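Asker: Yeah, the sequence shown ends on 725 if you go by the numbering used here, and it's all consecutive.
We treat Cβ as the ideally placed atom computed from N, Cα and C, and that holds for glycine.
Remember, it's a predicted structure, so these values are computed and weren't measured experimentally.
Have a look at the structure that comes next, please.
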Amino acid sequence: MERIMKAQALRDPTTSMYMQSKKTMEINPNHSIIVKLKEKSDQDKSDKTVKDLIWLLFETSLLTSGFSLDEPNVFANRIHRMIKLGLSIEDVDMEPVEELPPLEETTNSNMDEVD
């Protein structure tokens, strides 16, 4: 129902708040992923990798439960960062692209002039 209401062209954003279902994520505190995330979080509270992993865990659980993501591009960027981390690829800025020389303008035109 939530997906249908979001798709309505003339929907009122204030009523969509009432139509959204409350999402509850239940976790198993003894699961190996949760235990390892807790350990890493205790070591460094501001670790961006741990935060990304927790968000990925939440967003993948949303997707597997049939919900849609509000910002799929953010999800994709997190996935890409995790892939780079797994492959040990560091974020390196793209090499600057050489600018092309300006075009030379010719004064003689081979085109026929039309009045």
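For the region 657-668 against the region 680-697, do three or more pairs of beta-carbon atoms, one drawn from each stretch, fall closer than 8 Å, so that the two count as touching?
Answerer: Enough Cβ pairs lie closer than 8 Å, so yes.
Asker: Whole angstroms is fine: what's the gap from residue 683's alpha carbon to residue 671's?
Answerer: Going from the Cα of residue 683 to the Cα of residue 671 covers about 17 Å.
Asker: What distance in whole Å lies between the Cβ atoms of residue 688 and residue 666, which are believed to be in contact at a cut-off of 8 Å?
Answerer: Indeed they touch by this definition, with Cβ atoms about 5 Å apart.
Asker: Could you pull the start and end residues of the alpha helix (DSSP H) that residue 647 belongs to?
Answerer: Looking at the DSSP string, the run of the alpha helix (DSSP H) that includes residue 647 is 642-653.
Asker: Can you round the beta-carbon distance between residue 635 and residue 668 to whole angstroms, since I take them to be within the 8 Å contact cut?
Answerer: Between residue 668 and residue 635 the Cβ distance is about 6 Å, and since that is below 8 Å, they are a contact.
Asker: First and last residue of the alpha helix (DSSP H) that includes residue 697?
Answerer: Premise fails: residue 697 is in no alpha helix (DSSP H) and is neither H nor E.
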